[in-house]
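Contents: one structure, followed by commentary.
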Amino acid sequence: MIQVIDYKAGNLTSVLKALHYLGAETHVTQSPEDVRNATKIVLPGVGHFQATQLLHDLQLTEATREALANGVPFLGICVGLQWLYEGSTEAQSTDGLCHFASRCERFPATYNNAELKSPHVGWNSLEDIRKDSRLLNGVANGSFVYYTHSWRAPISRDTAASTSYGGAFTAAVERDNVMGVQFHPEKSGETGLTILKNFVEL
Amino acid sequence: MLTKRIIACLDVRDGRVVKGIQFVDIIDAGDPAELAHRHAAAGADEIVLLDITATHEGRGTLLDTVKRTAATLFIPFTVGGGIRSAEDAAAVFDAGADKVSINSSAIGRPELIGEIGASFGAQAVIVAIDARRAKNSSDPVANAEVYVAGGRKPTGRKVVEWACEAEQRGAGEILLTSMDTDGMRNGFDCELTARVSQAVQIPVIASGGAGSAAHFADVFGRGKADAALAASIFHFGVTDSRALKSELQHAGVSVRLPC
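Protein sequence lines, in the order shown, are assigned to chains Y and G. Just so you know, we're using our numbering here: the first sequence kicks off at 1 and counts up by one. Just so you know, we're using our numbering here: the second sequence kicks off at 1001 and counts up by one.
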């Protein structure tokens, strides 16, 4: 049973639809107990980083830390990936989980002396896919995925794939059982379904 | 590299596609769910379903249609037409839409943009603008006017200003339809599209006037559009999104291919 955390950020429907399509059993929850006892956790989300404050308020942060320490596979999507870091300049007073170092920052207003539009919306390619990534197993460099976001995580040694828009940023992050994607696998056609299937089958 | 999006649009009335993109073997109307999936399989980057139903019964049919379409559609899916309140939008999102497109209702009550965005995020709100150049003006593009009610009613509002206000109020994208070029197959209004695209930070989807792949290349280049809506072009020689994208790639446009 995959515990899908509902923190009222955007719309859970499409993530659940994709998981069900792949044959996964899901349970939507806001309970720390469910998270502690989860066999897998998905943290979806689209919208403002401030929404993740509810995770602290519902005492899901500590429960998630315990689950991650026990090796429970975790997938954060979009803001769900950003929450794995120390925080985001989008909501300075709300801490992230601090599982990965550094903070998420907004796209620069200009890049290479040209204006850079923000949000970054549309299909962009995955590059430098780490060969040992379990989440991106079977996904080729150059595969396209769908993005819609204005904040991004920097490249680090935990980056499993990058995407370029105003420079390279972390498209996917993965360290052992803890994974995140900045794009929306539930809206990324066959490539997205492959990635979700990899997670479901872990 | 971020690619230019080809968005397939279906116009739906009482649960049936009444115009828009139709495959060669579908002569007249079609089932929106079936057509949406065929477009996705044929390489469309997104699907837009515009409901032109006027009746109350038709609205109920719409939600059922959205639900059936969304059930196994794993690319972005936008629904527009007749969304007048945050509750209307919520019902469409619950049925499985990823974004809503609002037009007359946003002009009538601009607060609606922020109200929908507050619950579902700015990325979920597309403000659609039907535009007509100001023919007797010294600068017909800068003074282009917003029309509502299916293009029947001028509002006295300037297109560029309204696009900027929509952005400030939290729109995630602008869908700009030129009424001057719509249906003419002579190309998009690149001047107007570029003017709007340069005035806002959010993506601009161009619509109206496509007759060839070259027209798409033109609106992505000169028109500075981030995406373009494909409707009747599939009647006129280009068979599907994949074929269109292949031609665009030859013309040097960055597109999602293979797809």
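For glycine and all other residues, C-beta sits at the position ideal for the given N, C-alpha and C. Computed from a predicted model, the values in this text were never measured in an experiment.
Per-residue contacts from residue i into chain Y (C-beta, under 7 Å)
{"i": "E1173(G)", "result": "V121"}
{"i": "D1240(G)", "result": "Within chain Y, no residue comes near D1240(G); the closest Cβ sits about 15 Å away, beyond 7 Å."}
{"i": "D1045(G)", "result": "W123"}
Interface residues of chain Y facing residue i [CB-CB closer than 8 Å]
{"i": "I1075(G)", "result": "Y146, K187, S188, G189"}
{"i": "R1256(G)", "result": "W123, F144"}
{"i": "D1088(G)", "result": "Within 8 Å Cβ-Cβ: nothing; D1088(G) doesn't reach chain Y, min ~15 Å."}
{"i": "F1093(G)", "result": "N11, T13"}
{"i": "G1170(G)", "result": "Residues of chain Y passing the Cβ test: none, with the nearest at roughly 11 Å."}
{"i": "G1080(G)", "result": "Per Cβ cutoff of 8 Å: no residues; G1080(G) is ~17 Å from chain Y at best."}
{"i": "A1071(G)", "result": "K17"}
{"i": "G1096(G)", "result": "T13, S14, K17"}
Per DSSP, the bridge partner or partners of residue i
{"i": "L1112(G)", "result": "Note: L1112(G) sits in no beta bridge, so no partner."}
{"i": "S1178(G)", "result": "A1131(G)"}
{"i": "R175(Y)", "result": "V178(Y)"}
{"i": "G122(Y)", "result": "Y147(Y)"}
{"i": "A1206(G)", "result": "L1176(G), A1228(G)"}
{"i": "T26(Y)", "result": "I2(Y)"}
{"i": "L43(Y)", "result": "G76(Y)"}
{"i": "R152(Y)", "result": "E105(Y)"}
{"i": "S1101(G)", "result": "G1080(G), I1126(G)"}
{"i": "A168(Y)", "result": "S164(Y)"}
{"i": "P1154(G)", "result": "Y1147(G)"}
{"i": "E127(Y)", "result": "S162(Y)"}
Under 7 Å by beta carbon: chain G residues contacting residue i
{"i": "K131(Y)", "result": "Within chain G, no residue comes near K131(Y); the closest Cβ sits about 22 Å away, beyond 7 Å."}
{"i": "L193(Y)", "result": "F1074"}
{"i": "Y165(Y)", "result": "L1002"}
Assigned exposure category for residue i - 16 Cβ within 10 Å defines buried
{"i": "G71(Y)", "result": "exposed"}
{"i": "S93(Y)", "result": "exposed"}
{"i": "A1217(G)", "result": "buried"}
{"i": "P1203(G)", "result": "buried"}
{"i": "D1226(G)", "result": "buried"}
{"i": "D1094(G)", "result": "exposed"}
{"i": "H184(Y)", "result": "buried"}
{"i": "Q1198(G)", "result": "exposed"}
{"i": "S88(Y)", "result": "buried"}
{"i": "D1098(G)", "result": "buried"}
{"i": "I1021(G)", "result": "Its pLDDT being 41, under 50, I1021(G) is placed unreliably in this model, and the coordinates cannot settle the point."}
{"i": "N141(Y)", "result": "exposed"}
{"i": "S1241(G)", "result": "buried"}
{"i": "Y165(Y)", "result": "buried"}
{"i": "R1152(G)", "result": "exposed"}
{"i": "Q1123(G)", "result": "buried"}
{"i": "H20(Y)", "result": "exposed"}
{"i": "P1154(G)", "result": "exposed"}
{"i": "R115(Y)", "result": "The sequence given here has Glu at residue 115(Y), not Arg. Classification for E115(Y): exposed."}
{"i": "S125(Y)", "result": "buried"}
{"i": "T110(Y)", "result": "exposed"}
{"i": "K197(Y)", "result": "buried"}
{"i": "K1004(G)", "result": "buried"}
{"i": "G1156(G)", "result": "exposed"}
{"i": "R152(Y)", "result": "buried"}
{"i": "D1189(G)", "result": "buried"}
{"i": "P44(Y)", "result": "buried"}
{"i": "D1182(G)", "result": "buried"}
{"i": "D132(Y)", "result": "exposed"}
{"i": "D228(Y)", "result": "With chain Y covering 1 to 202 only, the question about residue 228(Y) has no answer from this structure."}
{"i": "N113(Y)", "result": "exposed"}
{"i": "G1150(G)", "result": "exposed"}
{"i": "T148(Y)", "result": "buried"}
Neighbour list for residue i in chain G, Cβ cutoff strictly below 8 Å
{"i": "N124(Y)", "result": "M1001, L1002, T1003"}
Cβ-heavy atom distance, residue i to the ligand PLP, below 7 Å
{"i": "T64(Y)", "result": "Judged by which ligands are present, the structure shown has none, so any question about the ligand PLP falls away."}
Within chain G, the residues that residue i reaches when beta carbons sit closer than 9 Å
{"i": "S118(Y)", "result": "Q1201, I1202"}
Under 9 Å from the C-beta of residue i: neighbouring residues of chain Y
{"i": "C1009(G)", "result": "None at all; the shortest Cβ gap to chain Y is about 17 Å."}
{"i": "D1226(G)", "result": "K117, V121, G122"}
{"i": "C1164(G)", "result": "Result: empty, since nearest Cβ-Cβ is about 14 Å, beyond 9 Å."}
CB contact below 8 Å: residue i versus chain A
{"i": "A69(Y)", "result": "No chain A is part of this structure, whose protein chains are labelled Y and G."}
For this session: Tell me the start and end of each unbroken beta strand (DSSP E) in the stretch 1006-1089 of chain G that is at least 3 residues and wholly inside, in chain order.
Result: Counting only runs of 3 or more, we get 1016-1020, 1046-1051, 1077-1080.
For this session: Mind listing, in chain order, the continuous alpha helix (DSSP H) runs of no fewer than 4 residues lying wholly within the stretch 81-115 of chain Y?
Result: Entirely contained in the stretch 81-115 of chain Y, not one alpha helix (DSSP H) run reaches 4 residues.
For this session: Enumerate, from N- to C-terminal direction, the unbroken alpha helix (DSSP H) stretches of 4 or more residues contained entirely within the stretch 1220-1256 of chain G.
Result: Whole alpha helix (DSSP H) segments, 4+ residues: 1241-1250.
Exercise. What residues in the stretch 1098-1123 of chain G bring their beta carbon closer than 7 Å to a beta carbon of chain Y?
Worked result: Flagged, chain order: D1098, F1120, G1121, Q1123.
Exercise. Of the residues that make up the stretch 5-19 of chain Y, which ones have a beta carbon closer than 8 Å to any beta carbon in chain G?
Worked result: So the list reads A9, G10, N11, T13, S14, K17, A18, given in the order they occur along the chain.
Problem set entry | Interfacial residues, the stretch 1175-1207 of chain G to chain Y, with Cβ spacing under 8 Å | For the stretch 1175-1207 of chain G, the set of residues with a beta-carbon nearer than 8 Å to any beta-carbon of chain Y comprises Q1201, I1202, P1203, in chain order.
Exercise. Using Cβ-Cβ distances below 8 Å, what residues of the stretch 41-61 of chain Y are close to chain G?
Worked result: Those residues of the stretch 41-61 of chain Y that come within reach of chain G (Cβ to Cβ, closer than 8 Å) are V46, G47, H48.
Problem set entry | chain G contacts made by the stretch 20-40 of chain Y, where a contact means CB separation under 7 Å | Look at the stretch 20-40 of chain Y: the residues with a C-beta under 7 Å from a C-beta of chain G are Y21.
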